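Chemist:
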Ligand SMILES: Nc1ncnc2c1ncn2[C@@H]1O[C@H](COP(=O)(O)OP(=O)(O)OP(=O)(O)O)[C@@H](O)[C@H]1O
Ligand SMILES: [Mg+2]
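In the working numbering, the protein residues as written are 94 to 720.
Below, the structure is given as structure tokens:
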């Protein structure tokens with residue numbers, strides 16, 4: 094096997110599956126059937142019934158053909174055609190029944206397919222939203238997530254479809270076998286042998302298919318990403334401003350070209366295999382028909398019997414192939430289902446981790462003690478033994494250059510990651526022992542890159558606490574505290590206007606207005622601890638001044654940690670921590686830090702000099718841009 098594959102885990106699964114076929118088949122069938130049964134049992138029952146009816150109609154057609162031929166032969170000698178009418182009508186009716194059941198089951202299968210897809214989506218999305226944030230740092234997780242979305246999701250249903258085909262063709266095969274056996278017993282085993290070559294090659298085909306998909310996943314994701322870049326709303330303006338479209342087309346084309354090349358090779362290999370199987374089966378079928386001719390020459394079959402036997406052999410060979418085709422479909426899905434199973438198991442394992450005792454309602458003193466943290470896959474520590482203290486009701490600021498670890502500390506405090514070393518103590522309780530979701534209950538964060546939900550203003554704020562029904566008065570109060578009320582009221586539908594042009598009646602907000610909405614969301618959450626990661630980055634100087642002069646009253650006694658590059662706002666904090674390359678290098682009030690004349694004082698003077706360039710004396714403050 095040509096293995097140049099990025100997903101060793103999935104391949105190990107593939108290798109394991111080459112063994113223990115029969116028990117595996119029954120396991121796959123049971124698991125998939127269970128799922129389909131749970132999603133839409135009445136549809137499944139109806140479909141099985143239709144398959145049985147269709148099988149009976151097929152076997153009936155063989156007998157009808159024999160009757161028709163008999164009647165024609167009789168009429169040829171007796172000149173009376175009346176006897177042909179009955180069998181012909183029967184044949185026509187049986188054919189009609191076959192056609193009707195086929196089209197009906199097509200529609201029902203469509204319904205059942207969607208029902209199953211819904212169940213699967215629910216499970217997959219539960220995992221995607223439930224696993225720890227660290228999974229989103231791993232390419233392997235995205236590969237699997239992508240594979241699950243593009244192929245594994247439809248597989249449980251594919252198994253069921255394979256199974257339905259199997260039931261139908263097995264029933265039809267039994268009926269046809271009985272019919273054929275009653276005409277000529279010798280022919281039956283020959284037809285059955287004809288299915289074996291296809292069975293042998295189809296197993297190998299399944300493995301080829303799975304390996305190909307695994308190998309192609311990274312390239313498919315890259316392709317998807319380039320599609321997103323060319324169709325995304327946020328990307329559209331930059332793609333145009335930088336004139337990226339030609340370059341994007343080229344990259345996309347190149348990725349697609351490579352994929353198509355690989356696909357051609359894959360299709361060639363699959364076609365060669367399938368051709369071998371089909372040829373083998375065709376040879377056996379040819380031999381069977383030769384035996385039939387020999388039987389006629391021998392005089393052991395009359396003309397009507399021979400005609401019916403030809404029909405039966407043709408039909409039965411087709412059905413036997415379908416039986417094996419169904420088996421193949423199930424096996425082929427099997428490898429994808431393992432993939433899916435492991436993805437879903439991730440959800441189970443992670444959910445169990447949501448254990449521990451509930452975080453307390455609040456704290457008198459929150460201490461970060463010697464906390465060190467390294468991002469998964471990174472070889473430098475983003476935090477190298479950080480000590481920070483927050484007393485209840487304090488407003489504490491965190492400053493530092495880009496990449497100094499401010500956002501990382503915010504994520505650790507919010508319980509999105511756990512420290513590699515050191516502790517975060519809520520009074521005397523280690524936050525590592527808290528149930529993660531209960532810790533997050535107590536904390537609200539506005540991230541630097543907060544999400545702009547394309548929902549109404551009310552929903553954007555109300556989802557700050559989704560477990561309770563939205564309280565319009567509180568939404569308004571939160572919006573007022575964050576300075577978003579006026580902007581939202583000015584929209585055509587006020588707070589109910591969708592905040593995106595993507596949807597009918599929607600309006601866009603400016604960057605600063607969005608920031609206030611995000612801020613309002615965090616106020617609405619009503620948690621004892623508020624973390625604001627650059628809450629004023631997009632605010633104009635007046636808005637920023639307003640925000641910070643009212644922050645304490647908006648906080649209602651809650652503790653706040655805010656991260657900012659604007660020293661004018663940092664000034665008012667009870668205490669300021671200066672982070673540098675993952676370490677706290679200075680701490681104290683603004684006046685203490687200025688008196689110390691260290692890094693903070695240097696950064697502060699740099700910034701105020703920019704504002705009051707050329708003007709000696711009073712530095713800093715909420716002035717506007719330099720003149
Ligand atoms: N998801 C991540 N995976 C790996 N490394 C990361 C990740 N996020 C941040 N880092 C690294 O961790 C370090 C600290 O990043 P962090 O985002 O905490 O900085 P910051 O102080 O918030 O910077 P800024 O002022 O630019 O927001 C940086 O070196 C950064 O490259
Ligand atoms: Mg940051």
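Glycine included, every Cβ here is placed at the ideal spot set by N, Cα and C. Remember, it's a predicted structure, so these values are computed and weren't measured experimentally.
#1: Residue 530: which of 608, 451 and 493 sits nearest, CA to CA?
#2: Nearest CA to the CA of residue 685: which residue from 160, 234, 675 and 670?
#3: In terms of DSSP beta bridges, what is residue 462 paired with?
#4: Should residue 446 go down as buried or exposed, given a rule of 16 or more other Cβ atoms within 10 Å for buried?
#5: Given a cut-off of 8 Å on the beta-carbon distance, is the pair residue 198 and residue 140 in contact?
#6: Any chance the segment 474-487 sits against the segment 519-538, with 3 or more Cβ pairs inside 8 Å?
#7: Pick out whichever of 469, 143 and 202 has its Cα sitting closest to the Cα of residue 247.
#8: Any idea which residues DSSP pairs residue 670 with across the strands?
#9: Residue 432 by DSSP, collapsed to three states: which one?
#10: Just jot down, in chain order, the residues whose CB lies closer than 5 Å to any heavy atom of ligand 1.
#11: DSSP state of residue 284, grouped into three classes?
#12: When every heavy atom of ligand 2 is checked, does at least one fall within less than 7 Å of the C-beta of residue 680?
#13: Which term fits residue 347, buried or exposed, when burial requires 16 or more other beta carbons within 10 angstroms of its beta carbon?
#14: Per DSSP, what kind of secondary structure is residue 240 in: helix, strand or coil?
#15: Quick check: does the Cβ of residue 608 come within less than 7 Å of any heavy atom belonging to ligand 2?
#16: Measuring only the C-alpha atoms, how far is residue 652 from residue 477?
#17: Using 8 Å for Cβ pairs, my map puts residue 577 next to residue 610. What's the rounded Cβ distance?
#18: Indicate whether the contact test is met: 3 or more Cβ pairs, each with one atom in the segment 138-158 and one in the segment 214-223, closer than 8 Å.
#19: I'd like to confirm something about residue 541: is its beta-carbon nearer than 7 Å to some heavy atom of ligand 2, or not?
#20: Measuring only the C-alpha atoms, how far is residue 700 from residue 604?
#21: In the DSSP output, what is residue 591 paired with across the bridge?
#22: Could you give the DSSP three-state label for residue 702: helix, strand or coil?
#23: Count the other CB atoms within 10 Å of the CB of residue 249; is the residue buried (16 or more) or exposed (fewer)?
#24: With distances taken Cα to Cα, identify the nearest neighbour of residue 673 among 547, 290, 495 and 647.
#25: Please specify which runs of the alpha helix (DSSP H), each continuous and at least 4 residues long, are wholly inside the segment 638-670, giving them in chain order.
#26: Which class does residue 216 belong to by DSSP, given the choice of helix, strand or coil?
#27: Do you know how far the Cα of residue 228 is from the Cα of residue 307?
#28: Excluding sequence positions up to five away, which residues of its chain have a Cβ less than 6 Å from the Cβ of residue 504?
#29: Using a Cβ-Cβ cutoff of less than 8 Å, which residues in the same chain neighbour residue 645 once the five nearest sequence positions on both sides are dropped?
#30: My assumption, with CB atoms under 8 Å, is that residue 437 sits in contact with residue 216. Please give the rounded CB distance.
#31: Below 8 Å CB to CB, which residues in the same chain sit around residue 499 once its five sequence neighbours on both sides are set aside?
#32: If you check the beta carbons only, do residue 423 and residue 178 fall under 8 Å apart?
#33: State the CB to CB distance for the pair residue 398 and residue 159, rounded to an integer number of angstroms; the pair is presumed to be in contact (CB under 8 Å).
#34: So, for residue 98: in the same chain, excluding its five sequence neighbours on each side, which residues have a beta-carbon less than 8 Å away from its beta-carbon?
#35: Is the beta carbon of residue 726 less than 8 Å from the beta carbon of residue 515?
Modeler: Looking at the atomic coordinates:
#1: Measuring from the Cα of residue 530, the nearest candidate turns out to be 451.
#2: Of the listed residues, the one whose Cα sits closest to residue 685 is 670.
#3: Beta-bridge pairing by DSSP links residue 462 to 516.
#4: Around the beta carbon of residue 446, fewer than 16 other beta carbons sit within 10 angstroms, so the residue counts as exposed.
#5: Contact flag set, yes.
#6: No, the segment 474-487 does not touch the segment 519-538.
#7: The shortest C-alpha to C-alpha distance from residue 247 to any of 469, 143 and 202 is the one to 202.
#8: Under the DSSP definition of a beta bridge, residue 670 partners with 491 and 680.
#9: Residue state, collapsed to three classes: helix.
#10: So the residues near ligand 1 by this Cβ test are 468, 471, 475, 495, 496, 497, 498, 499, 500 and 501.
#11: Helix, per DSSP.
#12: For residue 680, the shortest C-beta to heavy atom distance toward ligand 2 is 7 Å or greater.
#13: Its Cβ having fewer than 16 others within 10 Å, residue 347 is exposed.
#14: Shown here, residue 240 sits in a helix according to DSSP, grouped into three states.
#15: Distances taken from the Cβ of residue 608 to the heavy atoms of ligand 2 include none shorter than 7 Å.
#16: Here the C-alpha atom of residue 652 lies approximately 24 Å from the C-alpha atom of residue 477.
#17: Indeed, because the Cβ distance is near 5 Å, the residues count as touching under 8 Å.
#18: Not touching, per the Cβ criterion.
#19: Yes; taking the cut-off as 7 Å, the Cβ of residue 541 has a heavy atom of ligand 2 nearer than that.
#20: Across the structure, residue 700 and residue 604 are spaced so that their CA atoms are roughly 23 Å apart.
#21: 549.
#22: Taken through DSSP and simplified to helix, strand or coil, residue 702 comes out as helix.
#23: In this structure residue 249 is buried. Its beta-carbon is surrounded by 16 or more other beta-carbon atoms within 10 angstroms.
#24: Residue 673 has its Cα closest to that of 495, out of 547, 290, 495 and 647.
#25: Those alpha helix (DSSP H) runs which fall completely within the segment 638-670 and span 4+ residues are 660-663.
#26: Note: residue 216 maps to helix in three-state DSSP.
#27: So the alpha carbons of these two residues sit roughly 19 Å apart.
#28: Correct list, in chain order: 510.
#29: Hits under 8 Å: 488.
#30: The Cβ separation is near 6 Å, so the contact holds.
#31: Excluding residues within five positions, the ones whose Cβ falls inside 8 Å are 491, 492, 493, 626, 656 and 672.
#32: Taking 8 Å as the Cβ cut-off, residue 423 and residue 178 do not qualify as a contacting pair.
#33: Under the criterion of beta carbons closer than 8 Å, residue 398 and residue 159 qualify as touching, at roughly 7 Å.
#34: Any reading at residue 98 needs caution, since the residue's pLDDT is 35, under 50, leaving its predicted position unreliable; the model's value is listed next. Result list for residue 98: 104, 304, 307 and 308, in chain order.
#35: This structure cannot settle anything about residue 726, because the visible part of the chain is limited to 94 through 720.
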